[in-house]
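If you use the numbering used here, the sequence shown closes out at 2319, no skipped numbers anywhere.
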Amino acid sequence: MQTLKASPEGLDRIKKAREEKGWAIDDKRSRWLREASKILEPEKNWEEIDQFAVSIGTWKRFLKGEAVKPHYFRAFCQVLGLNWEEVVAGTPTQPNRKKTSTTPRKDWGEAPDVPYFVGRTKELDQLQQWIIKERCRLVALLGMGGIGKTALSVKLVQQIQGEFEYIIWRSLRNAPPFPEIVTDTIKFLSNQQETDLPETANGKVSRLIHYLRSSRCLLIFDNADTIFRSGECAGNYREGYEEYGELFRQIGETPHQSCLLLTSREKPKEVAFFEGRQEGRQIKSLKLEGLEKPNVQELFQSRGTFSGSDSEWNELMTLYAGNPLALNVVAATIQEYFGSNLAEFFKLGAAVFGDIRHLADEQYSRLSDLEKEIMYWLATNREPVCLLELRDDIIPPIAPAQLIDALESLARRSLIEKASLLDKPASSFTQQPVVMEYMTNRLINLVFEEIVTEKMALFNRHALIKAQTKDYVRETQIVLILKPVLDKLLDKFGNQNTLKLHLKQILATLREQFPHKLGYAGGNILNILCQSNIDLSGEDFSELKVWQAYLDGVHLHDVNFRNSNLDKSVFSEIFDSILSVAISSDGTLLATGDTDNKIHVWRVADEQLLFTCERHANWVRAVAFSPDGKILASGSTDQTVRLWDASNGKCLKTLQGHTNWIWSLSFSSDSQILASGSDDKTVRLWNVSTGERLQTLPEHSHWVRSVAFGSDSSTLVSASVDQIVRLWDIRTGECLEHWQERNHVVRSIACRLDENKLVIGTDDYKVILLDIHTGEHLKTFEGHTNRVWSVAFSPQGNMLASGSADHTVKLWDIHTGRCLNTLKEEGYRVRSLAFTPDGKILATGSDDQSVSLWSVPEGKRLKSLQGYTQRVWSVAFSPDGQTLVSGSDDQKLRLWDVNTGECLQTLSGHKGRVRSVAFSPDGDTIASASNDQKIKLWDVSTGKCRLTLSGHKDWVSSLAFSQDGTKLVSASDDKTVRLWDVSTGQYLKTIGEHGDWVWSVAVSPDGSILANTSENKTVWLWDINTGECLHTLQGHTNKVRTVAFSHQGNIADLTSVQYSLTSPPTPLLQGEGSKKFSPPYLQGKGAGGLGFSDVLHATENHYILASGSDDQTVRLWDVCTGECLQILQGHTNQIRSVAFSPNGQIVASGSDDQTVKLWNVCDGKCLQMLHGHTKSVWSVHWSPNGHTLASGSEDETIKIWDVTTAECLRTLRAKKPYEGMNITGVTGLTEAQKATLKALGALEEGECLSLA
């Protein structure tokens, strides 16, 4: 077995490095072993583990210079900050180099094809010397635009790729943000295993350095000049891109075995600082000069035969300084206009160009108007586009033949090139980066001048951004085109208001002079206004062409679009959490089922909503297209299956018979039979044509969560929570095979019967490939960190996709088991996924109201559709009872005046739905918890976020202040309960151990006891100070969603008294199933003046706890003994929230049955039922005086109730994003899109806004 040990000189360096660290050899905190373990097994949380990946004995042998295993040796050196190669005894082989013929893992990204390459022999030799022999860590390849940096780097990598284990190429041409590029790189180097990265830039850089140390990697960042400021000294970073500098510095300074190759027109200041210094000996730069004369002639001759004297070739060299791009452009010009004769070219007086920009100006002046239009559109599109897309962009419309002629002409001029990316069609076109930059700058300057002078030409013919393009392209267009235009305009006009008035004048001119003229000016102006965050309320965009306006998430209150054309514009969508997705067999349609009981059908090509199906009475958990594409099936929590016409959304049939929720649907390959799996423990088979039930397959003993047909239409697979997978003959109803997946609760299945393969996704985070007949495990795919909710085979059968509650989609090589890519849905749990028939696009649906389309080859998100709703998750009164705070789906908190119903303030900052809100006891601070895994503390007086508490790794579902307001407790789906210091935001400790998602927390009035609930039907009580579990409260028969302590301090027991809302209490015996108790109490005026008797404490630290469950009951518990005192029954659906009245005598509960109930704590009787909400009630909270109760609902309203009369005093509702927007006579939208706008508040003249 190979081992490594330190040389004598190495031991001296180890000792010095250890002393500089300041840690003892036998460090009491075990930091040497802990830090080494983080390197050896980075996927584990070593802060909470005491059994390390390496022993103390190995550490001491290493210090003595004794032999240890290579991975331990390298890890200890890394902890010490040493390059292991400079410490090891002898001459080690190159680290981690594969001596086999294994090909390095490569991701070429956007690297161009270089079919023809001339010269650069010396440069290639020098670069190989630095990178291979001298093992330089950072190399910058510098030179002016068009000099050939990219082509040279491609050629270099092709020659030296065998020296590396990993090669990743990334273009910075579109200035990707630092987190995006470093995260993408780490994912690749970790084989898609590491996706939960540190939030800080330094943390991400540290993780990247870890992989650069552990493997021999070559990173290429092309076109790095885009991250530098223009108009300043070279090497200064653009605002927001400074973190790249820290990355370059650490890669250059820190010992590792890899190399980063940069290409840039500017030298990064980190390279300039270290180059030539002793500490920078592994940082180099090479400036490219022009090609030599023989190479220039070779370049020309590659296009054909050129004639010219030696002096004419020399003059050509002098004029264009050997710049390959300039020479290519000139060669095309000489060939086309001068008969390939250099003498004729010079005879007519060729201009002398100082640099490539002057050459580009000259070339641009030669272009026809159509060629110029094409050049602007190629620069705007940022990536290769096809003929059809170009033709659709250009106005007025042109004939295809004209477009083809113009493109051929531009290609001959060497100004455009055909795309060489594998996933692009051969007829796609783009520009070299330097040409694209030139055209982009020209576009920005001309548009600016036209806006200032109000002379609309290019501004009306050309869109600054494309609303319907891929998400990452649009974001780049905003950064590189729209924002620079806006910045120049603000510099010119001085402030937003002056700019707004000027743009409104342009709109008026357009409306008056060109009411029906095709153009992008209206959309461009709207995009500029949106980018500047100007309030658009009441603005007039009527009678205009408003094309390519990106209005998703923009508030357009009372904006007038009367008779406007809104073609190609994008608005907010309205849908809830996505539970299921399906793609039609021809790949043209995408269907989604959601928690708003609806099915939406979209066109995949442009993500346009075609229609919405709205007949289900509860959540739509399954959707499926028939293979012939004619039928769309949906299965719902309402226990029905519906069949819809896939062309128009008309409901064809309702299939009834299931007696519980329906989770899964599958069509037979001939589209004649539909299978459905249900929580009623059965699989049912239906005749699609008649709706008749053909068979019921009843042998499962628990909920059936997934069904799938094989390709032969005669075999069906079903999987159940009973952990049994069954294979059925659907002709006879016979179970052919079954096996039990012990210890694996199966969430989803997919099968390929033609290959006898089945894949399952499980609750214990695994994806397992099985033999369909025997159940034998063929391969297990591990890497997810939470439940796997959806799995699918690619149509070609060589790849698997899995979607998980860990917010990721993973793509797996089915043959090797290797994770090919990890697609991260930030904050979104992936519920469902589906491939297009060609396997190139993957659709995913997530809990947080998003649908995404991903490019499978690139691993990039192409498009994300975000549903917009304002469902109210949590409400809380301020201590003085005058203000109410709410948290909603739209990621916002709102402060409301309780007396007037006015929204006083909107607090923005979260990036996920706000699940829980709470006032501090002094009323000065609001805490909010969100699906973005963050907790925020807000200053009530200013509305500013004071602190952001980070540390949870999943949704934060609940929080509670301690009674003194100094501590905050939070519960999360990461299975932890955390305690925080409110003044500093410091994480103090984790309380208890939880094996499942934690949904609710509450703190006892004296701050000594913590209660929490989770999925497993149990309530836990903990000593906050010691972390000791005091009680485990069991009795609920389903998930426990909510818990609350009685507010009255130190209540011991309640006498058996009967309370009413209008009369004094009278004693009574309690109902069956509850504990009888009768300590003393005092008669007095009830809290809130309701005629209650106050119940005071008899024994210290003796409270009542309420818990609400999916079993439709509220239970009251004696906190001291853990006994159940009462079971409150009457709700007809799961219970979402419970709250005690201030005097502890009434419990309020909010339920999915759309009601709020008020319960007598003593006898368990329902005192009042509050009706008015039209959807689930998710939160209830009492006012401090007990007079009123607030309830927040899925119906997007908050209601304030008089608890005595059960009257709704006031309904609070946030304005919808398009409230009052006039869409009378608009064109360019489908009827489904208009319906969506109206649901979000838009109106046609004569209509009234629906407040439903």
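Don't be surprised by glycine CBs; every beta carbon is placed ideally from N, CA and C.
Would you give the residue range spanned by the alpha helix (DSSP H) that residue i belongs to?
i: Thr-1188; result: 1188 to 1195
i: Asp-1079; result: 1075 to 1088
i: Cys-2233; result: Cys-2233 -> not in any alpha helix (DSSP H); beta strand (DSSP E) instead, spanning 2233 to 2237.
i: Gln-1572; result: 1563 to 1580
i: Trp-1686; result: No alpha helix (DSSP H) contains Trp-1686, which DSSP labels as neither H nor E.
i: Thr-1507; result: 1500 to 1520
Going by C-alpha distance, which of the options is nearest residue i?
i: Lys-1612; options: Leu-1593, Gly-1620, Asn-1600 and His-1624; result: Leu-1593
i: Lys-1031; options: Asp-1117, Val-1121, Tyr-1233 and Gln-1226; result: This structure cannot speak to residue 1031, because the chain is shown only from 1068 to 2319.
i: Gly-2197; options: Ala-1872, Val-2186, Trp-2226 and Thr-1841; result: Trp-2226
i: His-1769; options: Val-1813, Lys-2056 and Glu-1306; result: Val-1813
i: Thr-2222; options: Lys-2266, Pro-2209 and Cys-1818; result: Lys-2266
i: His-1851; options: Gln-1259, Ile-1248 and Gly-1229; result: Gln-1259
i: Cys-2335; options: Pro-1137, Ile-1092 and Leu-1279; result: The structure shown has nothing for residue 2335, since the chain only spans 1068 to 2319.
i: Trp-1686; options: Gly-1884, Leu-1394 and Asp-2219; result: Asp-2219
i: His-2103; options: Ser-2174, Ser-2113, Lys-1833 and Gly-1800; result: Ser-2174
i: Glu-1320; options: Leu-2016, Asp-1192, Gly-1148 and Trp-1806; result: Gly-1148
i: Asp-1746; options: Trp-1753, Thr-1782 and Thr-1707; result: Thr-1707
In the DSSP output, which residue or residues are listed as bridge partners for residue i?
i: Thr-2015; result: Lys-2003
i: Ala-1996; result: Ser-1983 and Ile-2002
i: Lys-1012; result: The requested residue 1012 is not part of the displayed model; the chain covers only 1068 to 2319.
i: Thr-2294; result: Asn-1632
i: Asn-1408; result: Ser-1374
i: Tyr-1387; result: Answer is none; Tyr-1387 lacks a bridge partner.
i: Asp-1873; result: Asp-1873 is not bridged to any residue.
i: Arg-1760; result: Trp-1753
i: Gly-1912; result: Ser-1899 and Val-1918
i: Leu-1525; result: Paired residue(s): none; Leu-1525 is not in a bridge.
i: His-2254; result: BP columns for His-2254 are empty, so no partner.
Roughly how many angstroms lie between the CA atoms of residue i and residue j, to the nearest whole one?
i: Phe-1288; j: Trp-1175; result: 11 angstroms
i: Ala-1786; j: Gly-1842; result: 12 angstroms
i: Ser-1913; j: Gln-1226; result: 44 angstroms
i: Val-2270; j: Ala-1534; result: 49 angstroms
i: Asp-1705; j: Thr-1749; result: 16 angstroms
i: Asn-1591; j: Ile-1532; result: 8 angstroms
i: Gly-1421; j: Phe-1140; result: With a pLDDT of only 44 at Gly-1421, under the threshold of 50, the placement of this residue in the model should not be trusted, and no figure is reported.
i: Val-2181; j: Ile-1666; result: 33 angstroms
i: Asp-2161; j: Ile-2213; result: For Asp-2161, the predicted model reports a pLDDT of 36, less than 50, meaning its position is unreliable and no value from the coordinates is stated.
i: Ser-1871; j: Ser-2176; result: 25 angstroms
i: Leu-2279; j: His-2238; result: 16 angstroms
i: Leu-2192; j: Leu-2183; result: 5 angstroms
i: Lys-1222; j: Lys-1216; result: 10 angstroms
i: Thr-1652; j: Asp-1619; result: It is worth fixing the name first, because residue 1652 is Ser in this sequence and not Thr. Distance between the alpha carbons of Ser-1652 and Asp-1619 is about 29 angstroms.
i: Pro-2209; j: Gln-2201; result: 24 angstroms
i: Thr-2320; j: Ser-1238; result: The displayed coordinates of the chain run from 1068 to 2319. Any statement about residue 2320 would go beyond what the structure contains.
i: Phe-1184; j: Gln-2300; result: 51 angstroms
For residue i, is the beta carbon positioned less than 6 angstroms from some heavy atom of the ligand FMN?
i: Asn-2210; result: With respect to the ligand FMN, the structure offers nothing, as it holds no ligand at all.
Tell me which residue opens and which closes the beta strand (DSSP E) that residue i is part of.
i: Leu-1962; result: 1959 to 1964
i: Thr-1707; result: 1707 to 1712
i: Glu-1801; result: 1801 to 1807
i: Ile-1253; result: That residue, Ile-1253, is in no beta strand (DSSP E); its alpha helix (DSSP H) goes 1245 to 1256.
Do the stretch 2292 to 2304 and the stretch 2242 to 2252 meet, that is, are 3 or more Cβ pairs less than 8 angstroms apart? no
Check whether the stretch 1708 to 1727 touches the stretch 1693 to 1700, counting contact only when three or more Cβ pairs, one atom from each stretch, lie closer than 8 angstroms. yes
Would you check if there are 3 or more beta carbon pairs closer than 8 angstroms linking the stretch 1892 to 1903 to the stretch 1623 to 1636? no
Assess, as a yes-or-no matter, whether the stretch 1189 to 1199 is touched by the stretch 1349 to 1361 under the definition of 3 or more beta carbon pairs within less than 8 angstroms. yes
Okay, do the stretch 1952 to 1963 and the stretch 1899 to 1907 touch, 3+ Cβ pairs below 8 angstroms being the bar? no
Across the stretch 1466 to 1482 and the stretch 1563 to 1571, are there enough close Cβ pairs to call them in contact, namely three or more that are closer than 8 angstroms? no
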